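Peer 1:
Number of protein chains: 2
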Amino acid sequence: MSDRRALANAIRFLTVDVVQKANSGHPGTAMGMADIAEVLWNDFLRHNPANPKWINRDRFVQSNGHGSMLTYSLLHLSGYGLTVQDLKDHRKLHSRTPGHPEYGITAGVETTTGPLGQGFATAAGMALAEKKLAQEFNRDGFPVVDHFTYVFVGDGCLMEGVAQEAASLAGTLKLNKLIAVYDDNRISIDGETPGWFADDTAARFRALGWNVIADVDGHDAEAITAAFDAARRSTDKPTMICCKTIIGYGSPNKQGREEVHGAPLGVEEVARTREHLGWKHEAFVVPDTVMRAWDARPRGERAEAEWNALFTAYEAKHPELAAELTRRTAGRLPDDFDAVVASEAERILAQEPVRQPIRKASNRVLGNLLASVPEVIGGSADVSMSTLAWTGAARSITPDDFSGNFVHYGVREFGMSAMMNGMAAHGGLIPYGACYLVFSDYSRNAVRLSALMGLKTIFLYTHDSIGVGEDGPTHQPCEQLVALRAIPNMSLWRPGSELEALVAWESALKREGPSVIVAARQDGAVFAHRSGDLDGIRRGGYVLQDAGGKPDIVLVATGSEIGLVLEAAAVLEGQGKAVRLVSIPNGNLFAAQDRDYQESVLAFGTPTVFVEAASPLYWYQFLKGPGTVVGVDRFGESAPGPEIYRVMNLTAERIVSEAGQFLC
Amino acid sequence: MSDRRALANAIRFLTVDVVQKANSGHPGTAMGMADIAEVLWNDFLRHNPANPKWINRDRFVQSNGHGSMLTYSLLHLSGYGLTVQDLKDHRKLHSRTPGHPEYGITAGVETTTGPLGQGFATAAGMALAEKKLAQEFNRDGFPVVDHFTYVFVGDGCLMEGVAQEAASLAGTLKLNKLIAVYDDNRISIDGETPGWFADDTAARFRALGWNVIADVDGHDAEAITAAFDAARRSTDKPTMICCKTIIGYGSPNKQGREEVHGAPLGVEEVARTREHLGWKHEAFVVPDTVMRAWDARPRGERAEAEWNALFTAYEAKHPELAAELTRRTAGRLPDDFDAVVASEAERILAQEPVRQPIRKASNRVLGNLLASVPEVIGGSADVSMSTLAWTGAARSITPDDFSGNFVHYGVREFGMSAMMNGMAAHGGLIPYGACYLVFSDYSRNAVRLSALMGLKTIFLYTHDSIGVGEDGPTHQPCEQLVALRAIPNMSLWRPGSELEALVAWESALKREGPSVIVAARQDGAVFAHRSGDLDGIRRGGYVLQDAGGKPDIVLVATGSEIGLVLEAAAVLEGQGKAVRLVSIPNGNLFAAQDRDYQESVLAFGTPTVFVEAASPLYWYQFLKGPGTVVGVDRFGESAPGPEIYRVMNLTAERIVSEAGQFLC
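So the sequence lines, in the order shown, correspond to chains A and B. Using full-length UniProt numbering, count along the first sequence one by one with no gaps and you end on 664. Using full-length UniProt numbering, count along the second sequence one by one with no gaps and you end on 664.
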């Protein structure tokens, strides 16, 4: 026990010394969870610091990400190559130890955490991915996908609704290899939690179908060991280990109190803590014996070597499965993917244009692509049919059968999105998930994290505007398009035709980052594409129809409003005007094109009217001369969709009249 | 029992006939919950249809708002003046019976519902308001604030995280007069719920500190009556009544199945349902005996008359309290409010400008205003001190003492915001609630509903930009400002000085609609206001500093970036340029000014540089000539705030250089 305590104290002192040096940071969590982390990392976690991307490693997520020094200390001590200098650079510019753990910045960090509750939900997504891939790829005697996902959570995580959503679904889906550890220290930023958090967490998680191991002393290595042992034996339930801990454990004057949560201890208290815990080493010095005990490289190498041997045998016996698993975990699309897309494009260009709901066009191309991209795992927040996320190729994943490719997330948009992040971060799967556009609001911060991490996730949002009609303003998005497009590193598609929908899905499946595909519930316009349009769509915006020569007026639309500008153009052409029609299905992508291309499409300086049944704010950036934006800047009403368009004055007549202002 | 069933069947047939006529809508919920609603409304609910705004009425919220025909049937039958024609106009333009219940459209609808889970959370806010006002105003023998809040929830509501957040806090705060009824019908849109929702809901709510009445037959009036009786006796816990129901009860071929959830039954099935339930009346006909039994006006009048008598006696004994309660429930600010604001403005204008964090400036004016506006109830999602939502005038509300004026919501941004909506809709209180700007994402749909309803709520968001620094990109908002400003009917302030902060709070406290106040964590610039600025701030934007005459260049900033444009202006003036500085603390308000005023401030056509440490998208609408927007269009980094400004190239030098492009 005393040896173990010394190992744990290495975390404590790396943490307090680093936070003291940075003069900002959160020491309390790392000090409080050090004993738990020590047991987990030294006795249970199967990972190989020399290869942080080994696909069968156990995943570790610290959902209470503000306590990032816990993660950084663990990575340093166990051999991930994070140096003492890296630790000293905590919270400094371009360091490998930023304020919160960030995916892609630090080897061994499995997902970005900090926004509370989401690390937990993301971990649940990883566990779902593991279970799905295990069922798909494992064969008798070849458990090639077989790992645990461990997640540490604090009080804050458990207060957030997103954690409830994920916990409920994880329980329902029996994600037994998800093991959560609750850092029950009764302290959050406002002080002692009982005034605002009186849940019986153990009982709550039992009610959600979890295996709960309650009342574990989070500072007793034996009790912690027993808990992890029991957790790993769970065959049909995820496990929640509730650990009683003392925040800031070891600080004689500050432990157990809020002040140790988010501020340095102070030089004197650091000294007292050294004395109190009998740590006789200088700042940043960890004795060799302790470093050696922590070093996870030798056993990590052995673990991966064993797995490599297993995989070699698997490869011999199941060469196609092995090749497929290798391809998918490497994140490579199938070799024939471009050919499949090309043949879809040919099919669409050859067919007579038909009047059809845009969500239906999206559904058709998605269904046709899915057959050749088996790593795609769909799902929806209880609106599988109305979003048409459900394709002919879809089969439900159920609590007892993960062979399907479609997750019924229930009415849990935020949980869905965070779990999709977990699946994407896990690897081997490309998740898409659907809900109504207006309820993207519920999940917005998970979509943001997806963009921040650059994960390949696809958010399918239908019911995209006032066209939703009778369900009224609660269900009619208007500000959501600009809000989503404003997220850095986001790629938002709002297709208006089957060809545009095809490119949207193609792009989303290829892009190393998240995409949003917004597909109207109502009919799109009927118009024929030229084959050259394909390239233009792939650049985000293009000339859909042109009078030739210098246009008198440019009309720009997206998605369901293409029909309106087609109508308006006919009227204006009847008046002898040279009209150019532009479709910009992806403003993010179009804005990233060079100025010459943008100019060639928009003919800057020409009078221009942008039309979209949404907040006009997004389009002013492209208005570099006379013109206006026709959009929706108030809440909708409950009535049939076409009536709402009239009430909102979003009509061809209005467009003609606005255009008229700028035409002599 | 048969009589009661006939009363309930009136709801069922109004619903199926209306939905059939509208050929769209959701019959299942109303049919399934009709028996429960009948018992509640006829035997328990204390309300007066002749005065839907009677302040001591019981509140009724249907959180599963898609089943709105239940609410509309109840309002029609009990005497709220909703006519058969109104019902027939369900989901038609400008009707009083829109697709989802909407606050302000239909008398008797207490809050807009439809976005699942939020009706429940909003109801919890109403119950909190009741408890707070009761403690403040009731005196021995005078329970002038004394009512229940009833809320109906479906599976969807309980899957949403926001419901968990509110349930957890309601349990913690012992909101014993909140009574929820769970419509446990095992059906959601994707089909039978056990595949995605396996919670033991009764056990879960017990774990959250609720009084749970489980296994109630939702079609047995006696069982339902017993449950409500027991619920109303709870002295220290909110109550969850779990009712087993059959969705679409009475439809012989469709009940208990998903298809009855969101589509008309069809003419034939409607006829079969009539036969099955023995309902011999034509469509839209409810026999007089049934109508009379439902009519709640006589007993409603008596109930209000009794209360009026009580209040008259209270007025005699406690005239000041009575006057105060009357003022506050009428939504009138204190008579001296303008004088208090004026004296604050005087204080600020007289003082030497000081360097101070903008959140601190906000905190000071708020604290000074609070003394004269006792109806303000603050709170924060576990960041009371760092947002400085906590003022010198703040006292905590605790589970056992509601005399305070500050709610510790815990780490529950969405639940907080929805509960604030409930408090505002309840009346008698003006809620403000604080969190970090980036986490407004978590609560976004509640903020939207606040705007849709036009509620007087105030969302205080600090840590407003890359200036947050070391906590890194997860904590550095950039797209949130444009996303919030894009919500229709929103008023977003981003003050840059104490005077601007004062006007922000003044405006927020006066406005009949929600406001967002965004206050930077870091220091604002040091500059002196002229007294005339007050008027300009109240118009959302104004000339802060001017060279006189026609400017060569206009620099526009908000909040923490005013310092940058002041610096840049000094450089440009040194180069002999005539520089105008404009501050637009509230772009929503400024955009609503007439064109002449906007022109007088922005001098349209003059080269202009807008500067804000956020997504630039919002500002292009005001750029009507040469110029640019200097903003942040990528994720931030973890480092001290000033360094991030440099890394993001958001500096005075950059502004000077951008301006130079447009100057000859």
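All C-beta atoms, glycine included, are put in the ideal place defined by N, C-alpha and C. Being a predicted model, the structure only gives us computed values, none of them experimental.
Can you name, in chain order, every residue of its own chain whose Cβ lies under 7 Å from the Cβ of MET1 (chain A), other than the five neighbours on each side?
Peer 2: Low confidence applies here, because MET1 (chain A) scores a pLDDT of 40, under 50, leaving its location unreliable and the question unanswered by this model.
Peer 1: Measuring only between beta-carbons, confirm whether ARG521 (chain A) sits less than 7 Å from chain B.
Peer 2: no
Peer 1: Give the DSSP bridge partners of residue 665 (chain A), in chain order.
Peer 2: In the structure as shown, chain A begins at 1 and stops at 664. Residue 665 (chain A) is therefore absent and cannot be evaluated.
Peer 1: Below 7 Å between beta carbons: does that hold for PHE13 (chain B) and TRP279 (chain B)?
Peer 2: Yes, the pair counts as a contact, with Cβ atoms nearer than the cut-off.
Peer 1: For the candidate residues B:PRO252, B:GLY266, B:ALA121, B:GLU192, whose alpha-carbon lies nearest to that of LEU158 (chain B)?
Peer 2: B:ALA121
Peer 1: What residues from the segment 81-96 of chain A come within 8 Å of chain B, judged by C-beta to C-beta, listed N to C?
Peer 2: ARG91, LYS92, LEU93, HIS94, SER95
Peer 1: If the cut is a Cβ gap below 7 Å, which residues of chain B does GLU512 (chain A) touch?
Peer 2: Chain B residues near GLU512 (chain A): none, gap ~15 Å exceeds 7 Å.
Peer 1: Sorry if obvious, but does the Cβ on ALA305 (chain A) come closer than 6 Å to a heavy atom of the ligand NAP?
Peer 2: Although the ligand NAP was asked about, the structure shown includes no ligands whatsoever.
Peer 1: What did DSSP end up calling ARG59 (chain B) once you bin it into helix, strand or coil?
Peer 2: strand
Peer 1: Using a cut-off of 9 Å between C-beta atoms, extract the partners of VAL383 (chain B) located in chain A.
Peer 2: ILE189, ASP190
Peer 1: Taking C-beta pairs closer than 7 Å, name the residues in chain A that LEU208 (chain B) reaches, listed in chain order.
Peer 2: ASP199, ARG204
Peer 1: Report yes or no: do the segment 481-489 of chain A and the segment 304-324 of chain A share at least 3 C-beta pairs separated by less than 8 Å?
Peer 2: no
Peer 1: From what residue to what residue does the alpha helix (DSSP H) around HIS408 (chain A) run?
Peer 2: Counting along the chain, HIS408 (chain A) falls outside any alpha helix (DSSP H), though it belongs to the beta strand (DSSP E) covering 406-408.
Peer 1: Could you have a look at MET1 (chain A) and say whether DSSP puts it in helix, strand or coil?
Peer 2: Legend: pLDDT at MET1 (chain A) = 40, less than 50; position of this residue unreliable, value from coordinates given subsequently. Reduced to three states, the DSSP call for MET1 (chain A) is coil.
Peer 1: Just by C-beta distance, which residues in the segment 153-167 of chain B are closer than 7 Å to chain A?
Peer 2: GLY156, MET159, GLU160, GLY161, VAL162, GLN164, GLU165
Peer 1: If you run the structure through DSSP and keep just helix, strand and coil, what is THR391 (chain A)?
Peer 2: coil
Peer 1: Is the shortest distance between the beta-carbon of HIS408 (chain A) and the beta-carbons of chain B less than 7 Å?
Peer 2: It does: the Cβ of HIS408 (chain A) has a partner Cβ on chain B nearer than 7 Å.
Peer 1: Which residues bound the alpha helix (DSSP H) around LEU265 (chain A)?
Peer 2: Neither: LEU265 (chain A) is in no alpha helix (DSSP H) and is coded neither H nor E.
Peer 1: Pairs of beta-carbons, one from the segment 91-108 of chain B and one from the segment 466-481 of chain A, closer than 8 Å: are there three or more?
Peer 2: Contact holds: three or more Cβ-Cβ distances are below 8 Å.
Peer 1: I'd like to know if PRO551 (chain A) contacts chain B, where contact means its C-beta is closer than 7 Å to some C-beta of that chain.
Peer 2: Cβ-Cβ to chain B under 7 Å: no for PRO551 (chain A).
Peer 1: Inspect the beta-carbon positions of ASP552 (chain B) and ALA520 (chain B) and report whether they are closer than 7 Å.
Peer 2: no
Peer 1: Exposed or buried, what is GLU479 (chain A) when buried is set at 16 or more other beta-carbons lying within 10 Å of its beta-carbon?
Peer 2: Taking all protein chains in view, the Cβ of GLU479 (chain A) is crowded by 16 or more other Cβ atoms within 10 Å, so the residue is classified as buried.
Peer 1: Could you name the residues of chain B that THR112 (chain A) contacts, counting a contact when the two beta carbons are closer than 7 Å?
Peer 2: For a Cβ distance threshold of 7 Å, residue set THR474 of chain B lies close to THR112 (chain A), ordered along the chain.
Peer 1: Any C-beta of chain A sitting closer than 7 Å to the C-beta of PHE402 (chain B)?
Peer 2: no
Peer 1: With a Cβ-Cβ cutoff of 7 Å, do ILE11 (chain A) and GLY218 (chain A) count as a contact?
Peer 2: no
Peer 1: Using a Cβ-Cβ cut-off of less than 7 Å, list which residues of the segment 631-645 of chain A approach chain B; keep chain order.
Peer 2: ASP633, ARG634, PHE635, GLU637, SER638, ALA639, GLU643
Peer 1: From A:GLY209, A:ASN56, A:LEU555, A:ALA107, pick the residue whose C-alpha is nearest to that of THR628 (chain A); which is it?
Peer 2: A:LEU555
Peer 1: Counting only C-beta atoms, is ASN51 (chain B) closer than 7 Å to chain A at any point?
Peer 2: no
Peer 1: Short of 7 Å in beta carbon distance, which residues of its chain neighbour GLN20 (chain A), apart from the five on each side in sequence? Order them along the chain.
Peer 2: PRO264, LEU265, VAL267, VAL270
Peer 1: For GLY378 (chain B), which of B:ILE487, B:LYS456, B:ILE358 has the nearest alpha-carbon?
Peer 2: B:LYS456
Peer 1: Less than 7 Å between the beta carbons of residue 669 (chain B) and PRO49 (chain B), yes or no?
Peer 2: This structure cannot speak to residue 669 (chain B), because chain B is shown only from 1 to 664.
Peer 1: Counting only the same chain and skipping the five closest in sequence on each side, list residues whose C-beta sits under 7 Å from that of PHE60 (chain A).
Peer 2: LEU45, GLU110, TYR150
Peer 1: Got a sec: which bits of the segment 404-433 of chain A sit with their beta carbon under 9 Å from any beta carbon on chain B, in order along the chain?
Peer 2: Cβ contacts with chain B: VAL407, HIS408, TYR409, GLY410, VAL411, ARG412, GLU413, PHE414, GLY415.
Peer 1: Note down, in chain order, every chain A residue with its Cβ under 9 Å from the Cβ of GLY108 (chain B).
Peer 2: Within 9 Å Cβ-Cβ: nothing; GLY108 (chain B) doesn't reach chain A, min ~17 Å.
Peer 1: Which word fits CYS435 (chain B), buried or exposed, when buried means at least 16 other C-beta atoms lie within 10 angstroms of its C-beta?
Peer 2: Here CYS435 (chain B) is buried. Its C-beta has 16 or more other C-beta atoms within 10 Å.
Peer 1: Measure from the C-beta of ALA486 (chain A) to each C-beta in chain B and report whether the shortest distance is under 7 Å.
Peer 2: yes
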